Structures are given as structure tokens and as C-alpha cells.
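Listed in order, the protein sequences are those of chains C and B.
If you read the first sequence in the working numbering, its first letter stands for residue 481, the second for the next number, and so on.
If you read the second sequence in the working numbering, its first letter stands for residue 16, the second for the next number, and so on.
Glycine is no exception: its CB is placed at the ideal position from the N, C-alpha and C atoms.
Here the structure is a predicted model, which means the values were calculated and not measured.
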Amino acid sequence: MPDETLYNRVVRVTHVYLGPAADRFIARQVQNHLHKQPEELSEKDLSRLIDWIRVTVSLLTEDSEVIEEYIDQLILLTKPSKERNRSM
Amino acid sequence: MSAFTWLGLLIIIYLFANTVLPVSNQTLGQLHLSESQYRMVLLSIIMPYCIIWVTGFYAYITFNGYTRLIDDEREMPAFRQIGFGLQTIAWGLAVPAVINTFLKALGAAHPNLQAITGVISAYLTLAVSLIAFTFIGLGARYLSDLVRRRPSYLGTRLMVFGFIAIGITYSYLTVHAQRHNGNPYHLSLFATLATIVVPYLYAWFLGFLACYELSVYARHVKGVLYKNALNQLGFGISLTVISSIFIQYITTIYANNLPNLAFIIFLLYIFLALEGIGFMLIATGAKRLKKIEEI
């Protein structure tokens with residue numbers, strides 16, 4: 481999906497873990513921690529966002545496997561699309 | 016005044032009324048108990064009952080707190096309806112119990128009013144079931160529509176089979192009570208069947224179906240962490256609905272004047288405990304979902 485925004489890609493990954501709450505969760509993280517509107521999310525914000533997500537998701541579950549899997553999926557978004565497709 | 020303040024008042028009135036209001040000789044005769052024995056048995060049921068009221072209020076208030084956080088979202092109308100159903104169950108435990116205590120006392124003091132107070136009491140409890148299960152059913156249906164899933168072929172048939180078995184036994188026990196055990200509902204056979212048995216069975220069917228549709232939603236919704244919290248919530252709602260159905264069922268057996276009162280009270284305790292556990296699961300599940308929406 482080449483036209484998909486970065487924000488939507490982050491939400492799509494998050495949907496696997498937070499289901500219907502994914503969009504609201506990511507929008508809140510972007511607004512509260514990066515002080516931006518969700519549509520303004522850029523590639524260079526991603527690593528900071530991932531750090532915040534790691535912290536907040538750790539408050540939701542103690543299952544480190546789930547947390548690491550989720551973070552790994554988000555890290556893949558920081559890589560160029562060719563590399564990302566190879567890793568998936 | 017907050018819901019918990021109202022609940023506190025209701026508990027005080029309920030305990031006071033059950034300690035001082037008169038008991039009918041007919042009830043004492045049916046149960047083969049003296050007045051003091053009757054009050055002891057009653058208090059042993061009332062105390063855990065009041066604890067369950069508290070858990071019920073805590074559950075619906077926590078659940079509604081979560082619903083307010085997801086305002087304007089796709090699943091919100093469903094959760095709002097379920098929340099209203101849970102609120103009806105919680106208030107429907109306390110308010111009718113207090114009213115019924117006064118109605119019973121009125122019937123004991125004026126035996127000519129026993130029939131009418133009995134009828135009002137029966138319809139009041141029935142109304143709570145109908146309203147609560149209708150709203151929980153509407154919400155559960157809406158949620159299963161969101162994941163575009165219907166209950167399975169086998170699941171539906173098993174549920175209908177179980178429901179028919181419960182329904183037939185319930186009808187038999189009610190008719191038996193009407194004919195041989197002093198007609199506890201004070202209605203003709205036709206009126207009992209048409210206005211007590213059929214609406215109760217309808218309400219219970221809605222309750223069972225709602226539990227099933229909630230489990231369908233919980234199985235198919237996406238999100239590992241969301242699903243864990245939702246499963247806890249869904250299981251809690253199912254446990255509460257099913258326990259409250261069986262409590263109503265056992266109350267009918269109790270009205271049938273079966274000789275084994277201790278066994279019936281034991282069963283009642285078990286389902287009251289399960290209902291309480293169900294409320295606690297609803298509260299913890301809703302808290303976990305709330306956390307997802309707050310952090």
C-alpha cells in the first residue's frame with residue numbers, strides 16, 4: 481500500500497495488539513508525547529514514538545514476548561520498504 | 016446523591032425492614048420454621064446478597080466509566096446498551112428486594128392483600144429481567160454484527176437444546192406449584208403461563224443468546240491485549256447473566272416448598288457467589304479496557 485500514511489501503517493500494526501482501540505491509542509501517544517497531530521507523524525518521529533509505545537504497552541501487559549513482537553513490527557516500519565518486505 | 020449513597024440507604028432500609036417487619040404465618044408454616052429461625056435464615060442470605068449488590072454497583076459504574084471513554088467510537092452504542100443492562104441488573108437486585116420486603120410485610124399484616132402483593136412482587140422481578148436482558152442482548156447483537164459473525168450452527172442448536180430442557184423443567188415446576196403448593200403467584204394457570212412463564216423464558220433466552228453473541232465477538236475481535244481484557248469482561252457478563260437466571264430459577268423451586276430447604280439455600284449461595292464473581296470480572300475487565308484508553 482504505497483499511498484498509506486506512516487500514521488496509518490503504525491495503526492495497522494497496532495491493530496493486531498489493541499484491536500478497535502488501536503487508532504485512539506496511537507493518536508493519544510502522538511498528541512501527548514510528541515505534541516503533534518496524528519497526520520503530522522513523520523519518519524523521524526518514529527523511533528521516539530516506538531520508545532513511548534514500549535513504555536505504555538509495558539503498563540498494559542507483563543508479557544514481554546508480546547511487547548517485543550509488537551515493537552519489532554513497529555521497528556520494521558522504520559526500514560525502507562524493500563527491506564521491510566524481506567523481513568515480513 | 017451518588018449511586019453508592021443510594022445503595023447504602025437501600026442496604027440500611029433492607030436490613031432494618033427484614034429485622035423488624037412482620038412475617039406471615041403462612042410463610043413460616045410452609046418453611047416449617049419459627050419466626051426467629053426464619054429471620055436467621057433470611058439474614059444469612061441477606062448479608063451476602065448485600066455484598067453482591069455492592070459488587071454489582073461497582074461493576075456497572077466501572078463499565079459505564081469505560082463506555083464514556085469510547086464516546087463516538089463504532090463499538091460505543093453496543094457497550095452503552097450493555098452498560099444500561101448491567102445497571103438494570105444492579106439496581107434490579109436492590110430495589111425490588113427492598114420493595115418485596117415491604118410488600119411481604121404488608122401481605123403478612125393484611126392477609127387479604129397477600130395475593131396482590133405477591134403478584135406485584137413477581138412482575139417487578141420479571142420486569143427487571145426483561146429490561147436488563149433486552150438491552151444486554153441488543154448490545155451483544157450489535158457487537159457480533161461489528162465482527163460480521165453469527166453464532167455457529169452447532170452452537171445454536173446446543174443452546175436451543177439446553178434452553179428447551181431448562182424451559183420445560185421451569186414450566187413443569189411452576190404449574191406444579193400452581194396446582195399443589197398454594198399457587199405462589201396467586202394467578203390462574205393460564206395467567207401464570209402467559210404472564211410469568213412465557214416472559215421469563217423469553218427474557219432468559221435473550222440472556223443466553225446475549226452471552227453467546229458476546230463470546231462470538233470476543234473470539235473474533237482483533238487485538239491480543241484488547242481481546243484479553245474483553246474476554247474477562249465478556250466472561251463476567253455471561254457469568255452474571257447465567258447466575259441471575261439460575262437464581263430466578265431456584266427462587267421458583269423455593270416457592271414450590273420443596274422439603275430440602277438447606278440444599279436450596281446452598282444452591283442459592285453458589286449462584287450468588289458466581290454472580291458476585293461475574294460482577295468482579297466485569298469490573299476488572301472494564302478497568303483493563305479503560306487503561307488501554309487512558310494511557
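Taking 7 Å as the limit between beta carbons, can you name the residues of its chain near Lys305 of chain B, skipping five residues before and five after? Taking the second sequence and counting its residues from 1, the one referred to as residue 305 of chain B is at position 290. Same-chain partners within the cutoff: Gly80, Tyr81, Leu84.
Evaluate Ile179 of chain B with the Cβ neighbour count: other Cβ atoms within 10 Å of its Cβ, from every protein chain shown; 16 or more gives buried, anything less gives exposed. Along the second sequence, read from residue 1 onward, the residue named residue 179 of chain B stands at position 164. The residue is exposed, with fewer than 16 neighbouring Cβ atoms inside 10 Å.
Cα-Cα separation, Thr494 of chain C to Gly238 of chain B: Locating residue 494 of chain C in the first sequence gives position 14, where the first residue counts as 1. Locating residue 238 of chain B in the second sequence gives position 223, where the first residue counts as 1. Using only the alpha carbons, I get a separation of about 8 Å.
Contact belief for Leu153 of chain B with Glu90 of chain B at Cβ below 8 Å, rounded distance in angstroms: If you number the second sequence from 1, residue 153 of chain B lands on position 138. If you number the second sequence from 1, residue 90 of chain B lands on position 75. About 13 Å separates the two Cβ atoms, so there is no contact after all.
Quick check for students: name the residue ranges of the alpha helix (DSSP H) that lie wholly in the stretch 76-160 of chain B, counting only runs of 4 or more. 91-124
Extent of the continuous alpha helix (DSSP H) run through Tyr200 of chain B: For this step, residue 200 of chain B is matched to residue 185 along the second sequence. Unbroken run through Tyr200 of chain B: none, as it is neither H nor E.
Cβ of Tyr487 of chain C less than 8 Å from any chain B Cβ? Along the first sequence, one-based indexing puts residue 487 of chain C at 7. Closer than 8 Å: no.
Identify, in the order they occur along the chain, each residue of the same chain with its Cβ nearer than 6 Å to the Cβ of Gly291 of chain B, setting aside the five sequence neighbours on each side. Position 276 of the second sequence, counted from the first residue, corresponds to residue 291 of chain B. Taken in chain order, the residues that qualify are Ile67, Thr70.
Alpha carbon of Leu539 of chain C to alpha carbon of Ile547 of chain C, nearest angstrom: The count along the first sequence starts at 1 and reaches residue 539 of chain C at position 59. The count along the first sequence starts at 1 and reaches residue 547 of chain C at position 67. Taking the straight line from one Cα to the other gives about 10 Å.
Can you pull the chain C neighbours of Lys305 of chain B, defined as C-beta to C-beta under 8 Å? Translated into positions along the second sequence, residue 305 of chain B becomes position 290. The contacting residues do not exist; Lys305 of chain B stays about 10 Å from chain C at best.
Identify which residue in B:Leu276, B:Ala233, B:Gln263 has its Cα closest to the Cα of Pro500 of chain C. Start at 1 with the first residue of the first sequence, and residue 500 of chain C comes out as number 20. Out of B:Leu276, B:Ala233, B:Gln263, B:Ala233 has the C-alpha closest to the C-alpha of Pro500 of chain C.
Go to Glu523 of chain C, then tell me how far its alpha helix (DSSP H) extends in each direction, as first and last residue. Stepping through the first sequence from its first residue, residue 523 of chain C is reached at position 43. Note, Glu523 of chain C: premise wrong, no alpha helix (DSSP H); not H, not E.
Lys242 of chain B in three-state terms, based on DSSP: Here residue 242 of chain B refers to the residue found at position 227 when the second sequence is read from its first residue. Residue state, collapsed to three classes: helix.
Mind checking the stretch 232-260 of chain B against chain C and listing, in chain order, the residues whose C-beta falls within less than 9 Å of any C-beta there? Val236, Lys237, Gly238, Val239, Leu240, Tyr241, Lys242, Asn243, Ala244, Leu245
Any C-beta of chain C sitting closer than 8 Å to the C-beta of Glu308 of chain B? Residue 308 of chain B sits at position 293 when you count from the first residue of the second sequence. With 8 Å as the cut-off, Glu308 of chain B counts as an interface residue toward chain C.
Could you check if Gln52 of chain B is buried or exposed, using at least 16 other CB atoms within 10 Å of its CB as the buried criterion? Start at 1 with the first residue of the second sequence, and residue 52 of chain B comes out as number 37. By the 10 Å Cβ count, Gln52 of chain B comes out exposed.
Does DSSP put Met16 of chain B in a helix, a strand or coil? Residue numbering aside, residue 16 of chain B sits at position 1 when the second sequence is read from its first letter. Coil.
Cβ contact check for the stretch 196-216 of chain B and the stretch 523-533 of chain C: 3 or more pairs under 8 Å: no
So which residues on chain B does Leu498 of chain C lean against when the C-beta distance must stay under 7 Å? Within the first sequence, the letter at position 18 stands for residue 498 of chain C. The answer, in chain order, is Gly238, Leu240, Tyr241, Ile307.
Identify the contact partners of Arg504 of chain C in chain B, using a Cβ-Cβ distance below 8 Å as the criterion. The residue labelled residue 504 of chain C in the question sits at position 24 within the first sequence. Those within 8 Å of Arg504 of chain C in chain B are Ile85, Glu88, Glu308.
Distance, Ser17 of chain B Cα to Ile285 of chain B Cα: Position 270 of the second sequence, counted from the first residue, corresponds to residue 285 of chain B. Position 2 of the second sequence, counted from the first residue, corresponds to residue 17 of chain B. Looking at the two C-alpha atoms, the distance is approximately 30 Å.
Would Val546 of chain C count as contacting chain B if we go by Cβ distances under 8 Å? Here residue 546 of chain C corresponds to residue number 66 of the first sequence, with the count starting at 1. Yes, contact with chain B.
For Tyr497 of chain C, collect the residues of the same chain with a Cβ closer than 6 Å to its Cβ; drop the 5 residues on either side in sequence, then sort them by chain order. Reading the first sequence from its first residue, position 17 is the one you call residue 497 of chain C. Correct list, in chain order: Tyr550.
I'd like to know if the stretch 41-51 of chain B and the stretch 247-263 of chain B are in contact, where contact means that at least 3 CB-CB pairs between them fall below 8 Å. no
Anticipated Cβ contact below 8 Å, Leu289 of chain B with Ile60 of chain B, distance rounded: As a working note, residue 289 of chain B is residue 274 in the second sequence. As a working note, residue 60 of chain B is residue 45 in the second sequence. Not a contact, Cβ separation roughly 15 Å.
Selection of the stretch 512-545 of chain C by Cβ proximity to chain B, strictly under 8 Å: Thr536, Val537, Leu539, Leu540, Thr541
Taking Cβ-Cβ distances shorter than 9 Å, what residues in chain B pair up with Pro501 of chain C? One-based indexing of the first sequence puts residue 501 of chain C at position 21. Per the sequence presented here, residue 501 of chain C reads as Ala, with Pro not at that position. Those are Ile85, Glu88, Gly238, Leu240, Tyr241, Leu304, Ile307, Glu308, listed as they occur along chain B.
Would you call the CB atoms of Phe150 of chain B and Thr77 of chain B closer than 8 Å? Residue mapping note: residue 150 of chain B aligns to position 135 of the second sequence, counting from 1. Residue mapping note: residue 77 of chain B aligns to position 62 of the second sequence, counting from 1. Going by C-beta atoms, Phe150 of chain B is not nearer than 8 Å to Thr77 of chain B.
Is the beta carbon of Phe223 of chain B closer than 8 Å to that of Leu296 of chain B? Position 281 of the second sequence, counting from 1, holds the residue named residue 296 of chain B. Position 208 of the second sequence, counting from 1, holds the residue named residue 223 of chain B. Result no, Cβ atoms of Leu296 of chain B and Phe223 of chain B do not sit closer than 8 Å.
Return the CA-CA distance between Leu204 of chain B and Leu128 of chain B, expressed in angstroms with no decimal places. Locating residue 204 of chain B in the second sequence gives position 189, where the first residue counts as 1. Locating residue 128 of chain B in the second sequence gives position 113, where the first residue counts as 1. About 20 Å.
Which residue spans inside the stretch 157-189 of chain B form an unbroken beta strand (DSSP E) run of at least 3? none
Please report how far the alpha carbon of Glu308 of chain B lies from the alpha carbon of Tyr487 of chain C, in whole angstroms. Residue numbering aside, residue 308 of chain B sits at position 293 when the second sequence is read from its first letter. Residue numbering aside, residue 487 of chain C sits at position 7 when the first sequence is read from its first letter. Approximately 18 Å between the Cα atoms of the pair.
Check whether Ile555 of chain C and Ile530 of chain C have beta carbons under 8 Å apart: Translated into positions along the first sequence, residue 555 of chain C becomes position 75. Translated into positions along the first sequence, residue 530 of chain C becomes position 50. Their beta carbons are under 8 Å apart, which means Ile555 of chain C touches Ile530 of chain C by this criterion.
Residues near Leu158 of chain B in its chain [Cβ-Cβ closer than 6 Å; skip 5 each side]: As a working mapping, residue 158 of chain B is identified with position 143 in the second sequence. Cβ within range, chain order: Ala93, Tyr232.
Give a yes or no on whether the C-beta atoms belonging to Ala301 of chain B and Leu221 of chain B are separated by under 8 Å. Numbered from 1 along the second sequence, position 286 holds the residue referred to as residue 301 of chain B. Numbered from 1 along the second sequence, position 206 holds the residue referred to as residue 221 of chain B. No, they are not a contact pair.
Reference Ser167 of chain B; option with closest CA among B:Tyr227, B:Ile280, B:Phe99: Mapped onto the second sequence, residue 167 of chain B falls at position 152. It is B:Tyr227.
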